[in-house]
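Below is one structure, written out as structure tokens; comments come after it.
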Amino acid sequence: MLTLRPDPAGGGKSVIADLRAAMDQLDEDGRELLTRPVFAEGRAERLQGVGEPLSTFSVLNERSSEHTWIRWAGKLLTDDRNAAYLPVLTRFASLLETTARQALLRRGELLIADQWRVAHGRTALGRQDHVAPAARRLLCQAKVRFDADAPIHETLRCAA
1 MLTLRPDPAG GGKSVIADLR AAMDQLDEDG RELLTRPVFA EGRAERLQGV GEPLSTFSVL
61 NERSSEHTWI RWAGKLLTDD RNAAYLPVLT RFASLLETTA RQALLRRGEL LIADQWRVAH
121 GRTALGRQDH VAPAARRLLC QAKVRFDADA PIHETLRCAA
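Under full-length UniProt numbering, the first residue of the sequence shown carries the number 1, and numbering increases by one thereafter.
In structure tokens form, the structure reads like this:
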């Protein structure tokens, strides 16, 4: 995420938290519950180039592995479809919060996050009622994936 214009009200700190460290602190029963493909969060609309959205999914794709994909969003805690699993989701969120670090990005600063390793988000923006829309915080977000098996011309085209 590249900060083109920070929040003039001083809010919106970027938050990074270590998914693997939180998973490692979760007990075996908790990890087993999170591998079940029963979780839902929000709605997916107007997605391009990422395939069809999953209606339900697992938070962990394996119980323990350094290559486990951990799909996490704070919205998991507030989606009523996850009510039966709220205790384990809340426990994981608490463990994740113990690893969280915050940074207020200034204009021109870039945050690169490895989504296999960390969850990222932000704190609340400052009051916006007296901030003109053209002066509000502006970020540029891009997602990059390196495919070592891709032909070089595809890799270069993606990098441009």
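Glycine is no exception: its CB is placed at the ideal position from the N, C-alpha and C atoms.
Check, Outcome
"Would you mind reading off the limits of the alpha helix (DSSP H) that contains residue 88?", "86 to 98"
"Quick one: Cα of residue 102 to Cα of residue 2, how far?", "16 Å"
"Give the C-beta separation of residue 96 and residue 19 to the nearest angstrom, bearing in mind that I take them to be a contact with Cβ-Cβ under 8 Å.", "7 Å"
"Anyone know if the C-beta pair for residue 10 and residue 121 falls short of 7 Å?", "no"
"How would you label residue 32, buried or exposed, when you count the other beta carbons within 10 angstroms and need 16 or more for buried?", "exposed"
"Among 118, 111, 143, 129, whose alpha-carbon lies nearest the alpha-carbon of residue 4?", "111"
"Assuming residue 6 contacts residue 106 under a Cβ cut-off of 8 Å, what Cβ separation, rounded to an integer in Å, is found between them?", "6 Å"
"With a cut-off of 8 Å on the beta carbons, I'd call residue 57 and residue 37 a contact; round off their distance for me.", "6 Å"
"Taking the C-alpha atoms as reference points, what is the distance between residue 157 and residue 124?", "Low per-residue confidence applies at residue 157: pLDDT is 47, beneath 50, and the placement is therefore not dependable, though the value from the model is reported in the following sentence. Approximately 36 Å between the Cα atoms of the pair."
"Can you tell me whether residue 90 is buried or exposed, with buried defined as 16 or more other CB within 10 angstroms of its CB?", "exposed"
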